[in-house]
Amino acid sequence: MQVRSAVIPAAGLGTRFLPATKVVPKELFPIGDQPALHVVIDEALGAGIDHVVIVSSRSKPAVAEYFEPDEALLEALEAKGKTDTAERLRAIGRDWRVSIVYQDNPKGLGHAVGCARSTVGDEPFAVMLPDEIMGSSGLLAQMNGVCAATGGSVIAVAEVPRHQVSSYGVIDPAGPMSDDGVIPVRDLVEKPPIDEAPSNFVITGRYVLTADAWDEIDALTPGRGGELQLTDALCAQAARSPFHAVLSDSGRYDTGNPLGFLTASIELGLMNPELGDGLRSFLRNLDI
Ligand code: G1P
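Dropping the structure here:
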């Protein structure tokens with residue numbers, strides 16, 4: 085069954101980007117001329133998803149405003165002959181649906197995702213953490229395929245140096261990786277101490293989950309850091325159902341901190357058909 089909905093948790097305060105995030109939510113920071121959130125939505129649409137559920141916070145009204153039509157702006161653009169730009173704005177949410185739900189208390193990623201349950205309904209769904217940007221929809225599309233083929237949940241993982249594992253959720257592989265990078269998973273652990281990590285394959289920000297994940301999410305009790313951890317709900321799923329990870333080593337940009345955001349902007353800018361050539365020649369001429 086094709087996954088139709090993607091849950092995008094976007095309720096965080098963005099403290100690593102203060103003071104910039106005092107007024108502008110980090111999900112709306114531009115990558116080229118698009119908000120980072122819209123880049124993630126394009127990735128979802130490219131994988132066949134047509135309903136985006138954003139878990140936001142009432143202290144960030146600009147996130148919801150981004151999806152509201154602005155007739156006065158459209159008229160002003162048309163009057164100036166900027167029809168292409170007007171068309172891009174009109175296309176926001178036209179062939180796909182956006183729902184905004186609110187997380188009133190920050191109780192962790194598991195809680196944030198759980199806020200989307202009634203909006204998504206009883207069907208498989210994707211979770212996309214917007215702090216990570218993938219260069220294309222290929223990974224999510226592959227994960228959808230593995231979910232359909234195995235009937236179980238699928239997460240994306242990357243291989244990191246051992247000393248980095250405690251910053252992530254870590255999988256315990258149940259067997260070898262297939263030629264196309266699919267790994268059966270026995271167990272998962274959120275941010276383990278290095279010497280307790282079952283592998284150095286860490287969860288990156290893409291998940292395709294079967295509908296029974298909702299009950300595990302609702303049943304969560306506080307885990308690592310006193311938060312309701314999505315990883316703990318997946319652990320419960322992996323204990324009784326097929327559960328797989330897909331290795332994604334390329335095209336992943338961590339925009340969750342200022343340096344990562346800057347480097348992602350440059351790498352994605354170089355791939356942008358309109359900005360790439362100009363940025364490339366600017367970088368080549370830098371005396372560094
Ligand atoms: C979350 C997840 C963690 C995952 C990480 C990926 O952690 O809880 O399992 O590895 O995202 O970015 P956070 O970075 O929100 O603390």
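Plus 84 on top of the position in the sequence shown (first one is 1) and you've got the numbering used here. We put the CB at the ideal spot given by N, CA and C, even for glycine.
Close-in-space but distant-in-sequence residues of the same chain around residue i (CB under 7 angstroms, 5 per side omitted)
i, result
"F151", "I176, G177, V182"
"A196", "P93, A95, V139, Q187"
"L312", "K191, G192, G194, H195, L304, P306"
"G289", "M212, L213, D215, E216"
"A317", "G194, A297, E300, I301, L304"
"E351", "Y337"
"A131", "S221, L224, A225, N228"
"H122", "none"
Cutoff 8 angstroms; reference residue i; Cβ partners in own chain excluding five residues on either side
i, result
"P145", "none"
"E127", "M212, I217, M218, S220, S221, L224"
"D256", "V269, R270, D271, L272, V273, P282, S283"
"S143", "L97"
"A323", "D271"
"P277", "S250"
"Q321", "G236, S237, L293, T294, D296, A297, E300, F327"
Any non-hydrogen atom of ligand 1 closer than 6 angstroms to residue i Cβ
i, result
"G344", "no"
"T339", "no"
"T105", "no"
"L304", "no"
"L293", "no"
"L223", "no"
"T99", "no"
"I287", "yes"
"L193", "yes"
"T203", "no"
"G253", "yes"
"T234", "no"
"T315", "yes"
Spatial distance of residue i from residue j (CA atoms)
i, j, result
"S140", "D371", "42 angstroms"
"V273", "D296", "19 angstroms"
"L354", "L367", "10 angstroms"
"E243", "A170", "42 angstroms"
"D263", "L331", "10 angstroms"
"D154", "L161", "11 angstroms"
"N356", "V241", "26 angstroms"
"M261", "V238", "14 angstroms"
"A210", "S202", "15 angstroms"
"A120", "R100", "16 angstroms"
"V185", "S89", "13 angstroms"
"L293", "C231", "8 angstroms"
"T339", "C199", "24 angstroms"
"K106", "V87", "35 angstroms"
"V91", "Q248", "26 angstroms"
"F113", "V137", "19 angstroms"
"L346", "R364", "15 angstroms"
"G360", "S334", "19 angstroms"
"R308", "I287", "15 angstroms"
"L158", "Q118", "17 angstroms"
"K166", "A156", "14 angstroms"
"T234", "M227", "11 angstroms"
"L102", "A258", "41 angstroms"
"A348", "M85", "33 angstroms"
"A104", "G116", "17 angstroms"
For residue i, three-class secondary structure by DSSP
i, result
"L370", "coil"
"M85", "coil"
"T294", "coil"
"Q118", "strand"
"L213", "coil"
"G194", "helix"
"A240", "strand"
"T373", "Residue 373 lies beyond the stretch modelled for the chain, which goes from 85 to 372, so this question has no answer here."
"G253", "strand"
"E149", "helix"
"M227", "helix"
"V137", "strand"
"E280", "helix"
"S143", "coil"
"G310", "helix"
"G289", "strand"
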